[in-house]
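Quick note on the working numbering: the sequence shown kicks off at 93 and runs consecutively. Every residue gets a Cβ at the ideal spot worked out from N, C-alpha and C, and that includes glycine. This one's a predicted model, so the numbers in the text were calculated from it and none came from an experiment. Below: one structure, written as structure tokens.
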Amino acid sequence: MKFTIKISDTSSETISLHSKVLDNLSLSAHREILISIGALKATVTLAEHHEQESIIFISKDIFTTYSLPDFLEYEIRVKDDILFVGPVIGLLIKGKKAEMNKQRMKIYKNYLHEYSYINGLILLLTSDEINVKNKTIYGYVYHPIEEEWVEGNFPFPSVVFCRKAIKDTDRSKLNQLIGEEFFNSHVFNKWEMWEWFSAIESLSNYLPETVQAKNISNVKQLLEKYETIFIKPISGMQGTGIYQLAKQKEEYHLKYRLNGRNTTAVLDSWQTVEHFLRDELNLEKYIAQKRLTLLKNNNRVIDFRIIVLKDANGSWFVPGMITRFGAEESIVSNISSGGSAEKAWSTLMKIYNDDAKEAFKKYKEMEQLAILCCATLELKGLHLAYVGMDVGMDDNKNLWVIEINNRNPDMTIALDAEDKQLYYRIKSAPLFYAKWLAGFGGEKR
């Protein structure tokens, strides 16, 4: 049931519910109870009213440092003698509040396509307006009727979805306010991922051999072993800064993209290669990796973006996969580098010559691999719920984990593949998970 809130001037430190609602919650009037709204808690006296059943009357004196919008619908629940009103969910975004404007905030509306199933306060937060002492936030609440963000001072949320990499000071504030109930705040790099996954037998076979580029002798050994390798930024995104190094007889061919175009440098000795790498790159921030002979379509390398999310019951699931086709002769498949996209099922059916059984088997393998990777990251202490995972398939149809992005996975790839339904399902999922995490989506396991 959904409830609206009305402010009462006639009582002190009181919350009043309809008599039927009190009965349904196994509560009685004239007793004290702890009320929880986001991170805020207060002791109030319960009262009953006989007006509209969906109205909650809250006395004005409770709202001394914040407000609760009356244009929203809320849910309530009771657990351990605490009356919860909410959910109150925050999206922690980049920048300072003074930098926010309608155009900048507009992009966050895409998460609210299914708001009518979420309810409560959905807030946009910036780090500079967090008030730890009062447990409040000066930010913006979503107005579902106007479909706009409304400014004000609100209770700090009980769950936060991080849409940016957070500093230690922000992490400390969140820990003080809501414990561990914030997600997608951790950022890990390709080398960390390789170290974690390569130690697990069920995942190690999906990883290309990798070394740290700062040890240039290891890079040379890797090249001699495989003849062609990739040199990648440890924390690179969208395929930027990737080099392909190949040894061809006495020469070394280095391919990369420059100003949006494919470029090849021909170097005559390993010493020249080493000088180039040391001069042009900060090798402390790079890895070297065996080149995968990924499947191609018309000279366009392909890989798969597997979207992995937490559902409304706190479990990992894969709502869809998208195939990425690189630009012709490009060494990367990223859309931003001239690539294109289609639904992965269409690609798999082509790869397996319309054999739906074989295509489905490979789809399930990809799905299970993605969920295993995310579960492994959780065991490392990372609280994640919104992940984009890039997987390649070689000429022998073996799968390879290329990259996992949880900082800012670009889910518009679903729109590139002309799948609007998938796009909105992806964008809505973290709020359904956040609602569950806040205790309004069924009992937490």
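{"Asked": "Neighbour-count burial assignment, His-367, 16 or more Cβ in a 10 Å radius", "Found": "exposed"}
{"Asked": "Simplified DSSP assignment, three categories, for Tyr-525", "Found": "helix"}
{"Asked": "Cβ pair count under 8 Å reaching 3, the region 154-167 against the region 235-255", "Found": "yes"}
{"Asked": "Same chain, Cβ closer than 6 Å to Ala-357, neighbours up to 5 away in sequence not counted", "Found": "Leu-346"}
{"Asked": "Given Tyr-230 as reference, the closest of Leu-215, Glu-240 and Leu-373 once Cα atoms are compared", "Found": "Leu-215"}
{"Asked": "C-alpha distance - Thr-504 paired with Ser-264, whole-angstrom precision", "Found": "32 Å"}
{"Asked": "Own chain residues within Cβ distance below 8 Å of Asp-511, not counting five before or after", "Found": "Gly-412, Ile-414 and Lys-435"}
{"Asked": "Of the residues Asp-371, Glu-140 and Ser-128, the one placed nearest Val-170, counting alpha carbons only", "Found": "Ser-128"}
{"Asked": "Three-pair Cβ contact test at 8 Å for the region 444-463 versus the region 274-285", "Found": "no"}
{"Asked": "Buried/exposed call for His-110, threshold 16 Cβ in 10 Å", "Found": "buried"}
{"Asked": "Beta carbon of Ile-518 nearer than 9 Å to that of Ile-398", "Found": "no"}
{"Asked": "Counted within 10 angstroms of its Cβ, other Cβ atoms place Arg-349 as buried (16 or more) or exposed", "Found": "buried"}
{"Asked": "Top-ranked residue by Cα proximity to Lys-225, from Leu-132, Arg-255, Gly-531 and Ser-104", "Found": "Leu-132"}
{"Asked": "Span separating the alpha-carbon of His-475 from that of Gly-212", "Found": "23 Å"}
{"Asked": "His-367 - DSSP class collapsed to helix/strand/coil", "Found": "helix"}
{"Asked": "Euclidean distance between Cα positions of Glu-420 and Asn-389", "Found": "9 Å"}
{"Asked": "Reduced DSSP category for Met-481 - H, G, I as helix; E, B as strand; rest coil", "Found": "strand"}
{"Asked": "Bounding residues of the beta strand (DSSP E) (the contiguous stretch that carries Leu-266)", "Found": "Unbroken run through Leu-266 is the alpha helix (DSSP H), 260-270; no beta strand (DSSP E)."}
{"Asked": "Whole-angstrom distance between Arg-255 and Arg-499, CA atom to CA atom", "Found": "7 Å"}
{"Asked": "Cα-Cα separation, Val-479 to Leu-469", "Found": "11 Å"}
{"Asked": "Pair within 9 Å by beta-carbon distance, Phe-253 and Gly-182", "Found": "yes"}
{"Asked": "Whole-angstrom distance between Tyr-525 and Glu-273, CA atom to CA atom", "Found": "11 Å"}
{"Asked": "Neighbourhood of Lys-94 by C-beta distance below 8 Å, restricted to the same chain and skipping five residues each side", "Found": "Ser-146, Glu-165, Tyr-166, Glu-167 and Asn-211"}
{"Asked": "Start and end residues, beta strand (DSSP E) containing Ala-509", "Found": "Unbroken run through Ala-509: none, as it is neither H nor E."}
{"Asked": "Per DSSP, cross-strand counterpart(s) of Glu-167", "Found": "Gly-178"}
{"Asked": "Buried/exposed call for Thr-218, threshold 16 Cβ in 10 Å", "Found": "buried"}
{"Asked": "According to DSSP, residues forming a beta bridge with Ala-338", "Found": "Thr-320 and His-345"}
{"Asked": "Whole-Å CB distance - Leu-359 paired with Glu-343, under 8 Å assumed", "Found": "7 Å"}
{"Asked": "Rounded C-alpha distance that separates Ala-451 from Ser-520", "Found": "28 Å"}
{"Asked": "Residue nearest to Lys-489 in terms of C-alpha spacing, selected from Ile-97, Lys-453, Phe-176 and Ser-290", "Found": "Lys-453"}
{"Asked": "Under the three-state DSSP convention, the category Arg-499 falls into", "Found": "coil"}
{"Asked": "Cutoff 6 Å; reference Glu-535; Cβ partners in own chain excluding five residues on either side", "Found": "In this prediction, Glu-535 scores a pLDDT of 49, lower than 50, which makes its location untrustworthy; no coordinate-derived value is stated."}
{"Asked": "CA-to-CA distance, Ala-477 to Ala-530, given in whole angstroms", "Found": "14 Å"}
{"Asked": "Neighbourhood of Thr-355 by C-beta distance below 8 Å, restricted to the same chain and skipping five residues each side", "Found": "Lys-347, Tyr-348 and Arg-349"}
{"Asked": "Residue span of the beta strand (DSSP E) that contains Thr-415, given as start and end", "Found": "408-417"}
{"Asked": "Three-way DSSP call (helix, strand, coil) for Thr-439 in this model", "Found": "helix"}
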